[in-house]
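So the protein sequences, as listed, match chains W and P. Those letters in the first sequence? Residues 15 to 239, per my numbering, in order. Those letters in the second sequence? Residues 21 to 91, per my numbering, in order. For each residue, glycine too, the CB sits at the ideal point set by N, CA and C.
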Amino acid sequence: MIRGIREQALSIFFGAIFLAALVGQSFVGLAAYNNDQATHGAPEVGYGTFVTSSAFVVDVAENWQSEFLQFLLFILATVWLVQRGSPESKKPGDEGTGSDKEEFVLEFARPDSPKWAKARGIRLWLLSNSLVLVMGTIFVLSWLAQSVAGSVVFNAEQVDHGLPQQSWAQYLVNPDFWNRTLQNWQSEFLAVGCMVAFSIFLRQRGSSESKPVGTPHRETATEGE
Amino acid sequence: MREKYRQSHIAAGGNEATPYPFSGRTQLRRGGRAPCYRSLRVPIMKVVFASWLALVVVGLAYMFVIPLIGR
Chain W
15 MIRGIREQAL SIFFGAIFLA ALVGQSFVGL AAYNNDQATH GAPEVGYGTF VTSSAFVVDV
75 AENWQSEFLQ FLLFILATVW LVQRGSPESK KPGDEGTGSD KEEFVLEFAR PDSPKWAKAR
135 GIRLWLLSNS LVLVMGTIFV LSWLAQSVAG SVVFNAEQVD HGLPQQSWAQ YLVNPDFWNR
195 TLQNWQSEFL AVGCMVAFSI FLRQRGSSES KPVGTPHRET ATEGE
Chain P
21 MREKYRQSHI AAGGNEATPY PFSGRTQLRR GGRAPCYRSL RVPIMKVVFA SWLALVVVGL
81 AYMFVIPLIG R
């Protein structure tokens, strides 16, 4: 049983720190929200009211969408683009979706390959692109949720200031929506770019995200295999 | 190679009917069959996968419901 848990430690660890961070965000978000309420002479709200408000939702959603976009682009970009020396990249010359032999599909499927790796047509296509399909769907839905919740928050502020409300479609071209969006995107793209570039020359012994310490800088992780 | 593992397993007091004391990954990499506890490991991975998917689905549903009910 302990062995079974240990083998899932990575996902359990990230699940635990995700929940801890989300709970932490809800408490400090409430404090910040009530500070803002006080400066506007408005009454404070309780924890339950805050975590079921669009103000909380929009802050969560704008970060979700950017994280899923980050991984979506990283997964897609690494199909066709390479970076010599980075363990996040295929070796130069291997750009593209790979042959059936390289991908262990159809007649090259192994006995323990997923069942759909041996199937033709839509099932093989779905399995072949399932990661991007799911990450992309989550990105689109969380970005949509951000726009809906952001629109509610924006209009509440408009009412507070005696200004006209905007429709959801109008909010989609509002600077508030794009400010929330792009401030998250730029940080994600920076982090991915740094990861790709730094991992050419820097190492973390024991990490699957790093080349082995003694691997030449010029070599990508897969070249030596 | 598998025979060598089998013999060392028996020499260590193991029963021939039980899986050899090597991880499934090691055995697969060395051309052997997956040990019998592989059937136990797959459901745990499915639970992990389903839990994360459920977490995201519930989170997304929450993020849509709250603004749509005008909170």
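Cβ of residue i within 8 Å of any chain W Cβ
i        : result
VAL78(P) : no
PHE42(P) : In this predicted model, PHE42(P) has a pLDDT of only 44, less than 50, meaning its place in the structure is not dependable enough to derive any value.
THR46(P) : Because the pLDDT of THR46(P) is 45, which lies under 50, any placement of that residue in the model is unreliable, and the number read from its coordinates should be weighed accordingly. No, no contact with chain W.
Cutoff 8 Å: residue i Cβ touching any chain P Cβ
i         : result
VAL119(W) : no
GLY18(W)  : yes
THR195(W) : no
LEU155(W) : yes
ILE152(W) : yes
VAL206(W) : no
VAL42(W)  : no
GLN97(W)  : no
VAL74(W)  : yes
THR80(W)  : Residue identity check: residue 80(W) is Ser in the sequence provided, not Thr. Cβ-Cβ to chain P under 8 Å: no for SER80(W).
SER25(W)  : yes
ALA183(W) : no
ALA159(W) : yes
SER68(W)  : yes
VAL166(W) : yes
GLN22(W)  : yes
VAL71(W)  : yes
SER221(W) : no
Minimum C-alpha distance to residue i - residue among the options
i         : options                                    : result
PRO189(W) : ARG217(W), ASP174(W), LEU204(W), PHE168(W) : PHE168(W)
GLN197(W) : VAL96(W), VAL42(W), THR53(W), ASN77(W)     : ASN77(W)
SER71(P)  : LEU86(W), GLY99(W), ALA30(W)               : ALA30(W)
LEU75(P)  : ASP174(W), PHE28(W), VAL59(W)              : PHE28(W)
LEU186(W) : GLY164(W), ARG219(W), GLU21(W)             : GLY164(W)
GLU109(W) : ALA123(W), LEU90(W), GLU121(W), LEU120(W)  : LEU90(W)
ASP73(W)  : GLU223(W), ASP50(W), GLY99(W), ARG194(W)   : ARG194(W)
THR92(W)  : ALA69(W), GLY112(W), SER67(W), VAL154(W)   : GLY112(W)
ALA205(W) : PHE88(W), ASP174(W), GLN97(W)              : PHE88(W)
PHE153(W) : ALA69(W), THR63(W), ALA75(W), SER40(W)     : ALA75(W)
SER40(W)  : ALA52(W), GLN51(W), PHE70(W), LEU24(W)     : PHE70(W)
Exposure label - residue i; buried when at least 16 CB within 10 Å
i         : result
GLU171(W) : exposed
ALA56(W)  : exposed
LYS66(P)  : exposed
VAL77(P)  : exposed
GLY176(W) : exposed
LYS115(W) : exposed
SER103(W) : buried
ALA13(W)  : For residue 13(W) there is no data in the structure shown, the boundaries of chain W being 15 and 239.
SER144(W) : exposed
ILE19(W)  : exposed
GLN84(W)  : buried
ASN79(P)  : As written in the sequence, residue 79(P) is Gly, which differs from the Asn given in the question. Its Cβ being crowded by 16 or more others within 10 Å, GLY79(P) is buried.
PHE69(P)  : exposed
Reduced DSSP secondary structure (H/G/I, E/B, other) of residue i
i         : result
ASN169(W) : helix
ASN193(W) : helix
ALA123(W) : coil
GLU21(W)  : coil
PHE118(W) : coil
THR92(W)  : helix
LYS129(W) : helix
ASN48(W)  : helix
VAL59(W)  : coil
LEU177(W) : coil
ASP73(W)  : helix
SER161(W) : helix
ARG188(W) : The question names Arg, yet the displayed sequence has Asn at residue 188(W). In this structure, ASN188(W) counts as coil in the three-state DSSP scheme.
ARG137(W) : helix
GLU233(W) : coil
PRO87(P)  : helix
ASN143(W) : coil
LYS104(W) : coil
VAL65(W)  : helix
Integer-rounded CB distance, given that residue j should sit under 8 Å from residue i
i         : j         : result
VAL162(W) : PHE84(P)  : 7 Å
PRO125(W) : LEU141(W) : About 17 Å separates the two Cβ atoms, so there is no contact after all.
ALA131(W) : PHE118(W) : 6 Å
LYS242(W) : ARG217(W) : Only positions 15 to 239 of chain W appear in this structure, which leaves residue 242(W) out of reach.
VAL210(W) : SER100(W) : 5 Å
LEU86(W)  : GLY150(W) : 5 Å
THR229(W) : ARG98(W)  : Their Cβ separation, rounded to whole angstroms, is 13 Å, which puts THR229(W) and ARG98(W) out of contact at 8 Å.
SER156(W) : PHE82(W)  : 6 Å
Any non-hydrogen atom of the ligand ATP closer than 7 Å to residue i Cβ
i        : result
ARG20(W) : Ligands are entirely absent from the displayed structure, and the ligand ATP is therefore not among its contents.
Cutoff 8 Å: residue i Cβ touching any chain C Cβ
i         : result
ALA163(W) : As a matter of chain content, chain C is missing from the structure shown, whose protein chains are W and P.
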